[in-house]
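Enquirer: Let me begin by handing over the structure; questions about it come next.
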Amino acid sequence: FQDLLRDLDRVPGIRWIRFLTSHPRDFTRELVDAIAGLEKVCEHIHLPLQAGSDRVLRRMNRRYTRAEYLDLVAYIRDRIPGVSLTTDLIVGFPGETEEDFEQTLDAVRQARFDNAFMFVYSPRAGTPAARWEDPVPLAEKKARLQRLMELQYAISLERNRELVGSRCEVLVEGPSEKDPRVFTARTRSNKLVLVPGRPGLEGKFAQVEITEARTWTLAGRFLDGFGGAMAGWDGDRVNACGRGCRVAATG
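Quick note, the sequence shown lines up with residues 927 to 1177 if you use this note's numbering.
Shown next, in the form of structure tokens:
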């Protein structure tokens, strides 16, 4: 895969390269090193953890341990400055104990993900787990999910606040559904930025300054003449949410 990224990085006319979810067991240090050295590959990695308990990971047949995952996270952060890490987490896998769940919380504290997709386990037909007994009540699973979300939301806000005052390049996607005077844009690290603007910005690259951090989004202002007249605009009224990474090679 790193060879494919190197080939794409040499293609004229491509400015940014994103790729979809990677399984942790396939995400080698050689791949990390390649990403670190390729100018066009964006600094966003979606790396599903699923659970922070080795016992649960074995039952899921994930083929990596908690320690191996966290070591990989540390290596990624060391080699790719400013990287944004997102993940998937499942609560209430059959047989998950309170101790297992606490290990997931601890792994999240250590990894400090920028964002996470978090779910209560639901049986999938044809899998071994769908046949296993599950003594944990649904109400307990939902309570655990709430605890996990509260932890991750706090970390996401902290991570976003670290960006306030910084300047970065964004790709403008288009006007917000809730306010056409506000445009949504993506950073190289796949952060969603809400910026007052004017028509005709869709698909353009621009420089912005981050002025405010929220749990799911950033607010900013254009630095290169793309801004529009925004009298009466109240940024607190804007509530948009971006999901995950997309497969894209944007020129």
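Glycine included, every Cβ here is placed at the ideal spot set by N, Cα and C.
1. The alpha helix (DSSP H) that contains residue 1027, what's its start and end?
2. Grouping DSSP H, G and I as helix and E and B as strand, with all else coil, what is residue 1100?
3. May I have the straight-line CA-CA distance separating residue 981 from residue 1000, to the nearest angstrom?
4. Of all the beta strand (DSSP E) runs that stay within the bounds of the region 938-1011, which reach a length of 3 or more residues?
5. Out of 1114, 1147, 1127, 1074, which has the shortest C-alpha to C-alpha gap to residue 1015?
6. DSSP puts residue 1081 in a beta bridge; with which residues?
7. Spatial neighbours of residue 1036 within its chain, please: CB distance less than 6 Å, with the 5 preceding and 5 following residues excluded, ordered by chain position.
8. On the three-state DSSP scale, how would you describe residue 1118?
9. Closest to residue 1031 by CA distance: which of 1062, 1057, 1080 is it?
10. Closest by CA to residue 1091, which one among 972, 1021, 1149?
11. By a C-beta neighbour count over all protein chains shown, 10 Å radius and 16 as the cutoff for buried, is residue 960 buried or exposed?
12. Using DSSP's beta-bridge definition, name the partner residues of residue 1113.
13. Exposed or buried, which one is residue 937 when buried takes at least 16 other CB atoms within 10 Å?
14. Measuring straight from C-alpha to C-alpha, what distance separates residue 945 and residue 1104?
15. How long is the line joining the alpha carbons of residue 1061 and residue 1022, rounded to whole angstroms?
16. According to the Cβ coordinates, are residue 1146 and residue 1096 closer than 9 Å?
17. Going by beta carbon distance, what residues of the same chain come within less than 7 Å of residue 900, once the five residues before and after it are set aside?
18. Work out the CA separation of residue 970 and residue 931 for me, nearest whole Å.
19. Could you tell me which of 1058, 973, 992 sits nearest to residue 1050, measuring between CA atoms?
20. Is it true that the CB of residue 1110 sits closer than 9 Å to the CB of residue 1098?
21. Let me make sure I understand the geometry here. Which of 1039, 1107, 1082 has the alpha-carbon closest to that of residue 1122?
22. Excluding the 5 residues preceding and the 5 following residue 962 in the sequence, name in chain order all residues of the same chain whose CB lies nearer than 6 Å to its CB.
23. Is DSSP giving residue 1088 helix, strand or coil here?
24. Using only the alpha-carbon positions, how far apart do residue 994 and residue 1127 sit?
25. Does the Cβ-Cβ distance between residue 957 and residue 948 come in under 9 Å?
26. Report all residues from its chain with a CB closer than 7 Å to the CB of residue 1046; omit the five preceding and five following residues, and keep chain order.
27. Give the range of the beta strand (DSSP E) segment to which residue 931 is assigned.
Expert: In short, the structure shows the following:
1. Boundaries of the alpha helix (DSSP H) around residue 1027: 1024-1037.
2. Looking at residue 1100 - three-state DSSP - the assignment turns out to be strand.
3. Our two residues, residue 981 and residue 1000, have alpha carbons roughly 22 Å apart in a direct line.
4. 942-944, 970-972
5. Nearest neighbour of residue 1015 by Cα position, chosen from 1114, 1147, 1127, 1074, turns out to be 1074.
6. BP columns for residue 1081 are empty, so no partner.
7. 996
8. strand
9. 1080
10. 1149
11. Label assigned to residue 960: buried.
12. 1096
13. exposed
14. Residue 945 and residue 1104 have their C-alpha atoms some 29 Å from each other.
15. So the alpha carbons of these two residues sit roughly 9 Å apart.
16. yes
17. Nothing can be reported for residue 900: it is not among the residues displayed for the chain, which extend from 927 to 1177.
18. 14 Å
19. 1058
20. yes
21. 1107
22. 1005, 1006
23. coil
24. Near 43 Å, if we compare the C-alpha coordinates of residue 1127 and residue 994.
25. yes
26. Around residue 1046, the same chain offers 1017, 1018, 1067, 1068, 1071 as residues with beta carbons nearer than 7 Å, after the five sequence neighbours per side are excluded.
27. Segment 928-935 is the alpha helix (DSSP H) holding residue 931; no beta strand (DSSP E) there.
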